[in-house]
Ligand SMILES: O=P(O)(O)OC[C@H]1O[C@](O)(CO)[C@@H](O)[C@@H]1O
């Protein structure tokens with residue numbers, strides 16, 4: 001099968017190929033060995049590295065069986081989780097979905113996947129619960145730690161609603177928990193209530209968990225082929241492991257670090273297909289939590305073009321020159337739409353009549369690349385043949401391994417996220433959570 005590709009030509013005006021190749025040969029090859037051999041910091045979180053190749057058909061069949069069971073009993077399945085327990089599934093489902101799926105009718109056998117627990121919005125939760133009133137729904141509750149506040153609140157509300165609507169016993173078969181094998185409140189609850197469960201391995205961090213049941217179960221419930229997704233990732237794993245010389249993950253990690261060292265502190269992930277919006281959100285967590293530490297790190301941002309060319313386009317073209325772009329360039333559109341001719345031609349569009357909408361999109365992409373490079377924005381391109389399970393699998397694995405390499409190039413531990421605790425500690429202190437008495441006193445003194 002064809003592979004996704006990386007094109008760095010449009011950064012070479014800003015950093016030389018020699019510099020990039022030097023980082024690659026002197027640093028990135030060591031960094032990839034640290035990932036492969038587990039010799040770097042955070043090496044107890046490398047379970048994702050060979051995950052695609054060691055995931056068995058039996059494991060995938062077990063996930064598909066539970067997914068089919070939920071599909072057959074529900075009109076809606078709410079996937080409850082936040083961060084890595086949310087974004088991977090959301091990214092893949094949105095990339096493969098019909099854009100208007102949410103507005104089409106639903107039925108048993110083809111439920112819609114909704115999300116909760118990714119915010120603490122009272123209105124969001126109230127509206128979700130109102131919507132689910134009188135609907136047949138199920139819940140996938142996902143939390144590696146089993147203690148995260150946002151999904152815990154959403155699950156408490158939705159569990160109560162499901163038990164009231166379907167009955168306590170029936171609800172047990174409509175709830176699936178994905179959590180740690182032994183630890184955490186969710187594991188305890190799942191055991192007490194005898195929910196079906198899947199395990200998130202200890203050595204796979206949340207943001208690297210999309211190819212575990214965390215991502216795979218909601219994706220399978222939405223009707224997508226998780227075997228193809230994992231196959232695509234396994235192909236990329238093999239390709240990158242076997243590359244004797246340079247490989248695209250080392251090259252991407254080396255290029256972004258060369259740019260960072262040259263003062264380009266923000267990377268903007270760009271798409272020209274609105275279906276990739278949440279892929280950008282997933283990527284932001286992957287790179288943001290992995291690299292933003294010790295007062296270092298490329299700031300990961302994401303935009304949807306051409307939409308955001310009409311909002312952020314001005315800044316990118318003309319603002320502070322501390323940014324670079326990585327464009328996910330999808331070669332083939334899966335649907336066809338030709339621009340019609342119009343006799344009056346009042347909008348002056350007849351010059352493109354008969355062209356595919358995607359032909360125009362491609363020229364917007366090329367024109368933007370040239371303009372941004374001319375304006376001082378280095379530009380990398382990741383070429384994806386089309387949006388399918390296999391290519392998304394390749395892309396996910398490519399970004400994961402590149403992230404490990406890049407974190408080591410930056411000199412940080414790419415697999416922890418100590419900074420996330422600060423807001424949690426303050427929130428618990430402000431809410432006067434038992435055990436936080438001292439912190440409560442301290443924070444109140446600051447108010
Ligand atoms: O799956 P959990 O343990 O609920 O964690 C959710 C998310 O919260 C974090 O721990 C912190 O944001 C992420 O790393 C993780 O993806």
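Residue numbers (full-length UniProt numbering): 1 to 447. Here a beta-carbon is modelled for each residue, glycine too, at the ideal position from N, C-alpha and C.
Put simply, of 96, 298, 371 and 359 the residue whose alpha carbon is nearest the alpha carbon of residue 316 is 371. Assignment of alpha helix (DSSP H) within the region 182 to 250, counting only whole runs of 4 or more residues, yields 185 to 193, 213 to 221 and 226 to 242 in chain order. Here the region 258 to 270 makes no contact with the region 78 to 88; the two share fewer than three CB pairs at distances below 8 Å. If you look at residue 151, you'll find it in the alpha helix (DSSP H) that goes 149 to 166. According to DSSP, residue pairing for residue 356 in a beta bridge involves 338. Distance between residue 301 and residue 380, taken at the CA atoms: about 14 Å. Within the same chain, Cβ atoms closer than 7 Å to the Cβ of residue 215 are found at 88, 89, 92 and 209, the five residues on either side in sequence being excluded. If you draw a straight line from the Cα of residue 347 to the Cα of residue 303, it is about 28 Å long. For residue 92, the CB stays at least 8 Å from every heavy atom of ligand 1. Taking residue 410 as the centre and dropping the five residues before and after it, the same chain places the C-beta of 257, 291, 296 and 297 closer than 7 Å to its C-beta, in chain order.
For residue 138, no alpha helix (DSSP H) encloses it; the enclosing beta strand (DSSP E) starts and ends at 137 to 143. Rounded to whole angstroms, the separation of the alpha carbons of residue 9 and residue 48 is 30 Å.
Beta-bridge annotation (DSSP): residue 5 is paired with 383. Apart from the 5 residues on each side of it in sequence, residue 123 has no Cβ closer than 7 Å to any other Cβ in its chain. Not one heavy atom of ligand 1 is found less than 8 Å from the C-beta of residue 188. Its chain contains 286, 287, 290 and 414 as the residues whose beta carbon lies nearer than 7 Å to that of residue 403, once the 5 sequence neighbours on both sides are disregarded; these appear in chain order. By the Cβ test, the region 175 to 192 is in contact with the region 133 to 142, since at least three Cβ pairs between them sit closer than 8 Å.
DSSP places residue 327 inside the beta strand (DSSP E), whose first and last residues are 323 to 330. With respect to residue 128, residue 110 sits apart: the two C-beta atoms are not nearer than 9 Å.
Within the same chain, Cβ atoms closer than 7 Å to the Cβ of residue 440 are found at 429 and 432, the five residues on either side in sequence being excluded. Boundaries cannot be given for residue 105, as no alpha helix (DSSP H) includes it and DSSP labels it neither H nor E.
Residue burial annotation: residue 367 is exposed, with fewer than 16 other C-beta atoms found within 10 angstroms of its C-beta. Counting only runs of 4 or more residues that sit fully inside the region 65 to 90, no alpha helix (DSSP H) segment turns up. Around residue 274, the same chain offers 304 as residues with beta carbons nearer than 6 Å, after the five sequence neighbours per side are excluded. Three or more Cβ pairs drawn from the region 380 to 398 and the region 329 to 345 lie within less than 8 Å of each other, which places the two stretches in contact. By the Cβ criterion, the region 145 to 153 is not in contact with the region 94 to 103, since fewer than three pairs of Cβ atoms, one from each stretch, lie closer than 8 Å.
The C-alpha of residue 419 lies about 57 Å from the C-alpha of residue 345. In the DSSP secondary-structure assignment, residue 299 is bridged to 266. If the five residues before and after residue 138 are omitted, its C-beta is found closer than 6 Å to the C-beta atoms of 70, 74, 77 and 174, all from its own chain and listed in chain order. Beyond the five residues adjoining it in sequence on each side, residue 20 comes within less than 6 Å, by CB distance, of 254, 255 and 258 in the same chain, given in chain order.
Judged by DSSP in its simplified three-state form, residue 409 adopts helix. Note: residue 115 is bridge-paired with 79 in the DSSP secondary-structure output.
Nearest to residue 169 by C-alpha distance, out of 192, 182 and 405, is 192.
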